Structures are given as structure tokens and as C-alpha cells.
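Since the structure comes first, as C-alpha cells, the remarks are kept for the end.
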Ligand SMILES: Cc1cc2nc3c(=O)[nH]c(=O)nc-3n(C[C@H](O)[C@H](O)[C@H](O)COP(=O)(O)OP(=O)(O)OC[C@H]3O[C@@H](n4cnc5c(N)ncnc54)[C@H](O)[C@@H]3O)c2cc1C
């Protein structure tokens with residue numbers, strides 16, 4: 013069998029790993045337009061559920077990913093200069109660069125051929141491939157070529173965002189909302205190694221133009237954001253990963269959906285197939301789950317057409333559910349000014365429950381747990397419970413691997 017994956021992101025690399033593990037005689041190659049070791053973005057978050065998926069797919073790379081990440085044991089929410097509220101919980105993050113390095117190393121160990129600086133322009137070069145996986149990201153040029161067949165829909169999110177880093181290493185996952193004369197602007201930040209924190213800034217269009225970001229170059233943008241968030245940065249700089257020093261580093265999130273995920277032997281996976289808003293930190297997990305499901309179907313169905321059809325059916329349903337959650341989350345951030353008059357504890361509760369589009373009022377057990385999390389004793393209790401849960405899940409994975 014000959015498999016071609018276009019794009020060495022999580023979807024393309026992970027499918028290549030699984031395909032080669034399942035059938036060592038298969039010829040599997042990954043083609044990536046960037047040079048080796050070059051990628052965009054900072055750290056990505058993931059949960060124990062992602063580690064479970066990774067262990068189920070390939071325990072070797074899962075163990076390397078597990079050993080690498082930063083973790084946090086609380087989430088802090090600040091609203092201007094008021095005392096912070098706490099969300100508790102725990103999670104992990106790993107540098108996107110490091111994640112791809114681990115996956116690429118593992119793929120090569122298994123015998124996958126990765127060809128860097130190879131921009132795929134024309135699928136005719138793969139006429140002899142049995143399966144072509146378009147894992148070339150949200151702006152997939154391959155998908156665009158067959159846009160009618162895939163029934164692709166693109167929709168721009170309302171807010172502006174910018175994906176930055178900082179050398180200030182936050183000990184927890186932090187959300188910080190700052191009032192300005194032009195409206196609220198906020199960041200979410202999480203450490204992903206010992207030196208760097210991911211720092212994503214977001215604001216409404218009126219705030220963005222009101223603060224002059226439509227006229228500032230990347231250096232001026234960075235300086236303005238350092239001033240706005242000075243109380244959190246303690247003198248540390250923000251780090252901009254500029255695609256072009258004259259180009260605005262601000263972006264709009266783009267929602268991508270596809271009615272069909274395959275066309276003949278060409279299959280979409282990862283962000284090429286779907287996007288989920290970064291505020292739920294799920295895109296990498298979905299890319300990996302796509303790879304796992306595609307590999308599972310190819311392995312169990314003798315007929316490739318039936319396999320890709322089953323893959324589409326399974327994943328469209330699963331991803332649709334996550335996209336609805338992500339939409340509720342993105343909508344909460346778009347409406348944030350409806351909540352900023354609340355006390356930090358109530359505001360943080362609203363943030364915690366944002367994926368419930370009914371926007372539940374405080375009440376019941378979840379609210380009582382949230383109140384308990386505001387005390388250091390309550391947080392200590394949560395930390396013990398989390399540590400026990402992590403230990404149990406680690407043990408279960410160890411048994412499985
Ligand atoms: C601000 C922000 C924060 C995020 N935070 C998180 C998070 O915390 N947790 C999380 O799980 N997810 C997060 N995500 C989402 C996550 O980054 C993506 O969902 C994930 O990278 C998708 O993987 P992929 O392999 O489908 O695509 P990508 O990672 O985009 O990889 C696609 C690859 O294809 C290559 N390529 C493109 N075109 C071609 C071509 N023609 N020929 C050859 N190669 C090509 C690209 O160079 C790229 O390497 C975040 C996204 C954003 C924007």
C-alpha cells in the first residue's frame with residue numbers, strides 16, 4: 013500500500029505513524045512545505061483524554077510526549093485590578109515545535125519518509141498512491157481545489173486575536189481581562205516549557221480599532237500589549253513570531269466545516285477537515301483522533317472506499333459535537349462585556365460554564381464547588397483529588413502500554 017500525507021502537522025504525522033505501525037510493508041511518506049524544525053505557534057494544551065488517545069495509538073510516542081510537557085494545577089481569572097478568582101483543574105501543554113519533533117522522530121524510526129521543503133501543488137504527482145491524506149491545515153490548498161466536492165464552508169470569527177509567547181513563566185493557566193478606554197481586552201496564558209508561556213490576546217473589533225491596532229506595525233503592537241498587560245508580565249517581553257515584519261500579526265479565527273471528508277482516495281484530516289475555536293484548546297486532539305479513526309477503518313475494512321466512508325461517518329458526528337461546544341465558547345468571548353460587571357467569582361463561573369450555550373445562572377452543586385475552589389483549603393482538596401486521578405490514569409496507561 014502506498015500512503016501520502018500532505019502536511020507534517022499532528023494529523024499528517026500521526027496518521028503516518030499509525031499506518032506504518034499497522035503495516036510495516038506499506039510505503040508511507042509525509043510531504044511538508046516548511047524546512048525541518050520550522051513551524052508556527054507556541055504551546056498547545058492537552059488533557060489526560062489526549063494522553064489516553066495517544067497511548068491507544070502509539071505508546072512509544074505517547075510516553076515521550078507525556079515526559080515532556082509543562083503542567084498546571086490551577087486556573088486563575090483576573091478582572092482588571094480586582095482580586096483573582098480560581099477555576100481549579102489541571103492540564104498539560106507542550107511546545108508545538110517539540111510535539112512535532114517527537115512525532116517526526118517516531119515516524120522516521122518506523123520507516124516513514126518525511127520530505128521537507130516540499131510544497132504540494134499538484135496531486136498528479138501521486139497518481140500511484142492508494143491513499144492521499146490532505147492534512148495541510150485550515151487553509152488547505154488541496155481541499156480548495158475540490159471545494160465543491162467537499163462542500164467546504166468558511167466563516168470568520170468576529171474577534172481579533174494574536175498568538176504570542178512570553179518569557180514570563182506563569183505557574184498556572186491564566187485568563188486576564190483588562191479594561192481600556194476602547195473596551196475590554198484579554199489574554200489566556202499557559203506555560204509550555206521552563207522558559208516560555210503561550211500568550212493569546214483577543215478583543216472585539218471596536219476595541220481593536222479603538223486602541224489603534226489597525227495602524228500599528230508588529231513592534232508597536234507588541235509594545236502596546238506589553239503596556240496594557242504590564243501588571244501580569246513583571247517586565248518580561250512578549251514574543252512575536254512574525255510571518256513578515258511588516259504584516260499585522262493579528263488574525264481572525266476561521267470556522268471550517270466540510271460536508272464530505274473524502275473524494276475518491278483523497279481524504280481530509282485535522283484542520284483541513286474542521287476547525288474548533290482555540291478557546292477550547294482541542295484542535296490537536298481532534299487531528300490525532302481523526303488519524304486514529306482513519307487508521308482504524310483502513311485496518312478493519314478490506315475495501316478502501318468503504319473505509320474512508322466509515323471514517324467520514326464516524327468523525328463528522330464526533331467533530332460536529334465539539335464544534336458546537338467551541339461555538340458556544342467563542343460566543344461567550346464575543347459577548348464578554350455582558351459579564352464584566354459581575355464579581356470576579358461570578359464572572360469566573362460564567363467563564364467556566366461558557367460551553368453551555370444556555371449560560372446557566374449560579375446554582376446547585378457546580379456553583380458550590382466553584383465557591384469552594386475560591387478558598388485555599390478548597391483548592392488544596394481539588395489538587396489532592398486531581399493528583400489521585402492523574403496517578404490512577406497514569407497507572408491505567410502503563411498497564412495498557
Ligand atoms: C491561537 C491558537 C491556539 C491553539 N491552541 C491549541 C491548544 O491549546 N490545544 C490544541 O489542541 N490545539 C490548539 N490549537 C489548534 C491546533 O494548532 C490545530 O488544530 C492543529 O495544529 C491541527 O493540526 P493539523 O495537522 O490538522 O494542521 P497543522 O498543524 O496546521 O499542520 C498542517 C501542515 O501542513 C503544511 N502544509 C500546508 N500546505 C502544504 C502544502 N501545500 N504542501 C506541503 N505542506 C503543506 C503546513 O506547513 C503545516 O505544517 C490552536 C490554534 C490556534 C490558532
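Residue numbers (this note's numbering): 13 to 413.
Glycine included, C-beta positions come from ideal geometry on N, C-alpha and C.
The model shown is predicted, which means the values in this text are computed figures rather than measured ones.
{"Query": "Do the CB positions of residue 56 and residue 141 come within less than 8 Å of each other?", "Result": "no"}
{"Query": "Suppose contacts are defined by Cβ-Cβ distances below 8 Å. Is residue 198 in contact with residue 189 by that definition?", "Result": "yes"}
{"Query": "Contact check, residue 84 vs residue 103 under 8 Å by CB: the rounded distance?", "Result": "6 Å"}
{"Query": "Mind checking whether residue 335 and residue 288 have CB atoms under 8 Å apart?", "Result": "yes"}
{"Query": "Should residue 212 be counted as a contact of ligand 1 given a C-beta to heavy atom distance under 7 Å?", "Result": "yes"}
{"Query": "I need the DSSP call for residue 286, collapsed to helix, strand or coil.", "Result": "coil"}
{"Query": "Within 10 Å of its beta-carbon, does residue 407 have 16 or more other beta-carbons around it, so buried, or fewer, so exposed?", "Result": "exposed"}
{"Query": "Grab me the residues of residue 7's own chain with a C-beta within less than 6 Å of its C-beta, minus the 5 sequence neighbours each way, in chain order.", "Result": "Only positions 13 to 413 of the chain appear in the structure, and residue 7 is not among them; the question remains open."}
{"Query": "Can you tell me whether DSSP reads residue 88 as helix, strand or coil?", "Result": "strand"}
{"Query": "What are the uninterrupted segments assigned as beta strand (DSSP E) that are 3 or more residues long and contained completely in the region 34 to 108, given in chain order?", "Result": "39 to 43, 55 to 58, 82 to 84, 87 to 91, 103 to 107"}
{"Query": "Which two residues bound the contiguous beta strand (DSSP E) that contains residue 162?", "Result": "Taken as a continuous stretch (DSSP letters only), residue 162 belongs to no beta strand (DSSP E), being part of the alpha helix (DSSP H) at 159 to 162."}
{"Query": "What is the DSSP secondary structure of residue 398, counted as helix, strand or coil?", "Result": "helix"}
{"Query": "Report the residue ranges of all alpha helix (DSSP H) runs contained in full by the region 187 to 255; include only those spanning at least 4 residues, in chain order.", "Result": "217 to 222, 230 to 240, 242 to 245"}
{"Query": "Taking the beta strand (DSSP E) that residue 267 belongs to, which residues open and close that run?", "Result": "263 to 270"}
{"Query": "DSSP state of residue 32, grouped into three classes?", "Result": "helix"}
{"Query": "Can you name the start and end residues of the alpha helix (DSSP H) that residue 371 belongs to?", "Result": "It is not in any alpha helix (DSSP H) - residue 371 carries neither H nor E in the DSSP assignment."}
{"Query": "Among 271, 306, 290, which one has its Cα closest to the Cα of residue 342?", "Result": "290"}
{"Query": "Got a sec: does ligand 1 put a non-hydrogen atom nearer than 7 Å to the Cβ of residue 70?", "Result": "no"}
{"Query": "Going straight from the alpha carbon of residue 89 to that of residue 157, what length do you get?", "Result": "43 Å"}
{"Query": "How many angstroms separate the CA atom of residue 405 from the CA atom of residue 376?", "Result": "28 Å"}
{"Query": "Going by Cα to Cα distance, which pick from 410, 249, 192 is closest to residue 240?", "Result": "192"}
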